[in-house]
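Read top to bottom, the protein sequences are chains F and Z. Using this note's numbering, read the first sequence as starting at 699 and increasing by one per residue. Using this note's numbering, read the second sequence as starting at 699 and increasing by one per residue. Here a beta-carbon is modelled for each residue, glycine too, at the ideal position from N, C-alpha and C.
Protein chains: 2
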Amino acid sequence: MTAKTSRNESQGRGSIPSVWARRRREPDQPALSRAAIVREAVVMLDADGIEALSMRKLGARLNAGATSLYRHVATKDELLELAVDEVLAEVVVPAADAADWRAAVTEAAGSFRATALRHPWLAPMLGQAGLAYLGPNLMAFSERLADLFAAAGFPEPSRAIDTLLAYAIGMSVSEAAWLTMVARSGESEADFVARLMPTAREAAADHRHLADSYAAPPPDPAGLRDDKFAYGLDIVVEGLARRLGG
Amino acid sequence: MTAKTSRNESQGRGSIPSVWARRRREPDQPALSRAAIVREAVVMLDADGIEALSMRKLGARLNAGATSLYRHVATKDELLELAVDEVLAEVVVPAADAADWRAAVTEAAGSFRATALRHPWLAPMLGQAGLAYLGPNLMAFSERLADLFAAAGFPEPSRAIDTLLAYAIGMSVSEAAWLTMVARSGESEADFVARLMPTAREAAADHRHLADSYAAPPPDPAGLRDDKFAYGLDIVVEGLARRLGG
DNA sequence: CGAAGATGCGAACACTGTACGCAGGCCGGA
DNA sequence: TCCGGCCTGCGTACAGTGTTCGCATCTTCG
């Protein structure tokens, strides 16, 4: 925004047309391009969450007007699709290894979760648009998972993929939402938990089991989340192994 | 909107203040109330999806101005929280039965999925706000699940709940997103699949396993979704059973 | 009857995504 | 060298959003 203003001022472009007010692109700024737009969108999404991303702000960051973006991107939704696929490139899936497919699958799911937590807008986004994205990185991710399960001997790898991903997405989506709340509060996770505790306890008042789980504030919330994910992942993988005929 | 306009016209209220232009509430319309607002919001969400719900449109449907809603609801987000909790009341969880906890758990998850598909905005919403909602119906739902798992002998029922719900949410979120896309297309699910097929095949071109799964269009997409959910659910429940020591 | 509080709402504000059409730079052909 | 067509950027504008404010009205109680 500041950059754009300064350009307008320094070059006198805008409302007053004039021969001297010519437009000259700064050579260091690498021009507007789809790749640059998507990259900057990811940065903004990471920094301030999904509802803080507007075409105008994004344009300003790129020293461009809001509507210039539409030369490279059809619509905001399309831009978000591109952003999703962009960060999905970060998910690493180990190469197929029939001997220890359980470790490989566990690692892949963990990498997905890590990516989703690094970009807390990813999981809700995947949720809103589903897996019908067809972006190249999502395809590659699925294919590598399919490799893994096929090598392990699953007759229908896509079934196993769907199950594993449903778990990973479900867990990540909840976790990302939680982390977003925490981030918005400005407090540390532990402080936030402590502040929420009374309300939670009241809401769980007439529920025996829930009251138990809200009894004491957890000492290490982040570690607890790791455990929770690992615990459930183990259960899913165990179930898959049984299905395979272990 | 039409209703509101007609009231304004018929009673002459609005821009011209006049002694005769008095406001009289139709006695059949049961006045604005939080419950009525939430109920109507759910109807609108079900009908046209989440991005079609605006405070103005909702107000119009209730023969009220947009800003009147704010007397009963602090903000739109709060309204959405209330709507989420409202529909969560539809999820039925069988009473605790130690003998056949697997069937009970399976049924609970199925009911959750059915609810999520009946209200396709629910799953994305739960994803965006997480399970930190603390609404009474969500609490009751969790408590009943905890009952189930505790009766089955799980030492930490909350762990089992988290795992099961992560799977159910992940699967439902994807499915709801898919159904939303289908609905927006105006076509039947089978037709939509057929139209998407070429694009999908192209995107999967250099991926062996994916290409296989896109080889032929499925004859019964809805039934296939049911199968997929049941398959994964079975795996999760199996894993839980193993963990229990069965 | 009259005061106090609850309720509805019109107008306004600061935003949003996006369509349109103009202006200027870039590039291939005469 | 000039010229025409294309690609790119963007100012303006439009319809819509959530929400605030202050006024008008209704309801209720003393």
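Distance check for residue 801 of chain Z and residue 936 of chain Z, CA to CA, integer angstroms please.
On the second sequence, position 238 is the one that residue 936 of chain Z refers to. On the second sequence, position 103 is the one that residue 801 of chain Z refers to. Distance between the alpha carbons of residue 936 of chain Z and residue 801 of chain Z is about 11 Å.
Contacts of residue 907 of chain Z in chain F (Cβ-Cβ under 7 Å):
As a first step, residue 907 of chain Z must be located in the second sequence, where it is residue number 209. What residue 907 of chain Z touches in chain F: 841, 844, 845, 848 and 855.
Whose CA, out of Z:738, Z:771, Z:770 and Z:769, lies closest to the CA of residue 755 of chain Z?
Mapped onto the second sequence, residue 755 of chain Z falls at position 57. Residue Z:738 is the option with its Cα nearest to residue 755 of chain Z.
In chain order, which alpha helix (DSSP H) runs of at least 4 residues are fully inside the stretch 793 to 851 of chain Z?
799 to 816, 820 to 827 and 834 to 850
8 Å Cβ cut-off: residues of chain F touching residue 822 of chain Z:
Looking up residue 822 of chain Z in the second sequence gives position 124. Ordered by position in chain F, the residues that pass the 8 Å Cβ test against residue 822 of chain Z are 822, 825 and 826.
How should residue 884 of chain Z be labelled, buried or exposed, when 16 other C-beta atoms within 10 angstroms of its C-beta is the threshold for buried?
By one-based count along the second sequence, residue 884 of chain Z stands at place 186. Classification of residue 884 of chain Z: exposed, given that the 10 Å Cβ count is below 16.
For a cutoff of 9 Å on Cβ pairs, would you count residue 695 of chain F as touching chain Z?
Outside the displayed span of chain F (699 to 944) sits residue 695 of chain F, for which this structure offers no information.
Please list the terminal residues of the continuous alpha helix (DSSP H) segment that includes residue 735 of chain Z.
One-based indexing of the second sequence puts residue 735 of chain Z at position 37. Residue 735 of chain Z -> alpha helix (DSSP H) spans 732 to 746.
Please list the partners that residue 808 of chain Z has in chain F, where partner means a Cβ-to-Cβ separation under 9 Å.
Taking the second sequence and counting its residues from 1, one reaches residue 808 of chain Z at position 110. Per Cβ cutoff of 9 Å: no residues; residue 808 of chain Z is ~14 Å from chain F at best.
Return the chain-ordered list of same chain residues with a C-beta closer than 8 Å to the C-beta of residue 906 of chain F, the five sequence neighbours on each side being excluded.
Indexing the first sequence from 1 puts residue 906 of chain F at position 208. Around residue 906 of chain F: no qualifying Cβ.
Reduced DSSP category for residue 724 of chain Z - H, G, I as helix; E, B as strand; rest coil:
Here residue 724 of chain Z corresponds to residue number 26 of the second sequence, with the count starting at 1. Residue placement at residue 724 of chain Z is flagged as unreliable, the pLDDT there being 46, under the threshold of 50; the coordinate-derived value follows with that caveat. Three-state DSSP puts residue 724 of chain Z in coil, outside helix and strand.
List the residues of chain Z whose Cβ lies closer than 8 Å to the Cβ of residue 797 of chain F, in chain order.
Counting from 1 along the first sequence, the entry for residue 797 of chain F is found at position 99. In chain order: nothing, as chain Z lies at least about 20 Å away.
Could you spell out where the alpha helix (DSSP H) holding residue 781 of chain F opens and where it closes?
Mapped onto the first sequence, residue 781 of chain F falls at position 83. Residue 781 of chain F -> alpha helix (DSSP H) spans 774 to 786.
Can you list, in chain order, the residues of the stretch 909 to 938 of chain Z whose Cβ is nearer than 7 Å to any Cβ on chain F?
911, 926, 929, 930, 933, 934, 936, 937 and 938
Residue 938 of chain F to residue 890 of chain Z span [Cα, whole Å]:
As a working note, residue 938 of chain F is residue 240 in the first sequence. As a working note, residue 890 of chain Z is residue 192 in the second sequence. For residue 938 of chain F and residue 890 of chain Z, the distance between alpha carbons rounds to 31 Å.
Between residue 744 of chain F and chain Z, is any beta-carbon pair separated by less than 9 Å?
For the purposes of this step, residue 744 of chain F is taken as the residue at position 46 of the first sequence. Answer no: the Cβ-Cβ gap between residue 744 of chain F and chain Z never drops below 9 Å.
Any beta carbon from chain Z within less than 9 Å of residue 872 of chain F's own beta carbon?
On the first sequence, position 174 is the one that residue 872 of chain F refers to. Yes, contact with chain Z.
Three-state class that DSSP yields for residue 912 of chain F in the structure shown
As a position in the first sequence, residue 912 of chain F is number 214, starting the count at 1. Residue state, collapsed to three classes: coil.
Rounded C-beta distance between residue 811 of chain Z and residue 879 of chain Z? I'm assuming under 8 Å.
Position 113 of the second sequence, counted from the start, is the residue given in the question as residue 811 of chain Z. Position 181 of the second sequence, counted from the start, is the residue given in the question as residue 879 of chain Z. The pair is not a contact, with the Cβ atoms about 18 Å apart (cut-off 8 Å).
What are the boundary residues of the alpha helix (DSSP H) that includes residue 935 of chain F?
Taking the first sequence and counting its residues from 1, the one referred to as residue 935 of chain F is at position 237. Residue 935 of chain F -> alpha helix (DSSP H) spans 919 to 942.
Does residue 770 of chain F come out as helix, strand or coil in the three-state DSSP assignment?
Looking up residue 770 of chain F in the first sequence gives position 72. Looking at residue 770 of chain F - three-state DSSP - the assignment turns out to be coil, as it is neither helix nor strand.
Tell me whether residue 933 of chain Z is buried or exposed, calling it buried when 16 or more other Cβ atoms sit within 10 Å of its Cβ.
One-based indexing of the second sequence puts residue 933 of chain Z at position 235. Result: buried.
Through-space distance from residue 850 of chain Z to residue 805 of chain Z, alpha-carbon basis:
Along the second sequence, read from residue 1 onward, the residue named residue 805 of chain Z stands at position 107. Along the second sequence, read from residue 1 onward, the residue named residue 850 of chain Z stands at position 152. Computed Cα separation, rounded: 15 Å.
Is it true that the CB of residue 767 of chain Z sits closer than 9 Å to the CB of residue 757 of chain Z?
Taking the first residue of the second sequence as position 1, residue 757 of chain Z is located at position 59. Taking the first residue of the second sequence as position 1, residue 767 of chain Z is located at position 69. In contact: residue 757 of chain Z and residue 767 of chain Z (Cβ atoms closer than 9 Å).
Would residue 812 of chain Z pass as an interface residue toward chain F - the criterion being a Cβ-Cβ separation below 9 Å?
In the second sequence, counting from the first residue as 1, residue 812 of chain Z sits at position 114. Closer than 9 Å: no.
Short of 6 Å in beta carbon distance, which residues of its chain neighbour residue 763 of chain F, apart from the five on each side in sequence? Order them along the chain.
What you label residue 763 of chain F is simply residue 65 of the first sequence in a count that begins at 1. Answer for residue 763 of chain F: 757, listed in chain order.
By a C-beta neighbour count over all protein chains shown, 10 Å radius and 16 as the cutoff for buried, is residue 729 of chain Z buried or exposed?
Your numbering for residue 729 of chain Z matches position 31 in the second sequence. Exposed: under 16 other Cβ atoms inside 10 Å.
Under 8 Å: do the stretch 905 to 920 of chain F and the stretch 838 to 846 of chain Z share three or more Cβ pairs, one atom per stretch?
yes
Cβ of residue 923 of chain Z within 9 Å of Cβ of residue 873 of chain Z?
Taking the first residue of the second sequence as position 1, residue 923 of chain Z is located at position 225. Taking the first residue of the second sequence as position 1, residue 873 of chain Z is located at position 175. For residue 923 of chain Z and residue 873 of chain Z, yes; Cβs fall inside 9 Å.
Whole angstroms is fine: what's the gap from residue 858 of chain Z's alpha carbon to residue 752 of chain F's?
Here residue 858 of chain Z refers to the residue found at position 160 when the second sequence is read from its first residue. Here residue 752 of chain F refers to the residue found at position 54 when the first sequence is read from its first residue. The alpha-carbon atoms of residue 858 of chain Z and residue 752 of chain F are separated by roughly 40 Å.
Taking the alpha helix (DSSP H) that residue 868 of chain Z belongs to, which residues open and close that run?
What you label residue 868 of chain Z is simply residue 170 of the second sequence in a count that begins at 1. First-last of the alpha helix (DSSP H) with residue 868 of chain Z: 855 to 883.
Which residues, in order along the stretch 771 to 794 of chain F, keep a beta-carbon less than 7 Å from a beta-carbon of chain Z?
none
Report the CB separation of residue 898 of chain F from residue 912 of chain F in whole angstroms; it is logged as a contact under 8 Å.
Taking the first residue of the first sequence as position 1, residue 898 of chain F is located at position 200. Taking the first residue of the first sequence as position 1, residue 912 of chain F is located at position 214. Between residue 912 of chain F and residue 898 of chain F the Cβ distance is about 5 Å, and since that is below 8 Å, they are a contact.
Given residue 760 of chain Z as reference, the closest of Z:834, Z:731 and Z:838 once Cα atoms are compared:
As a working note, residue 760 of chain Z is residue 62 in the second sequence. Out of Z:834, Z:731 and Z:838, Z:731 has the C-alpha closest to the C-alpha of residue 760 of chain Z.
According to DSSP, simplified to helix, strand and coil, what is residue 719 of chain Z?
What you label residue 719 of chain Z is simply residue 21 of the second sequence in a count that begins at 1. Because residue 719 of chain Z carries a pLDDT of 40, less than 50, the predicted location of this residue cannot be relied on, and the following value inherits that uncertainty. Residue state, collapsed to three classes: coil.
So which residues on chain Z does residue 889 of chain F lean against when the C-beta distance must stay under 7 Å?
Looking up residue 889 of chain F in the first sequence gives position 191. Per Cβ cutoff of 7 Å: no residues; residue 889 of chain F is ~15 Å from chain Z at best.
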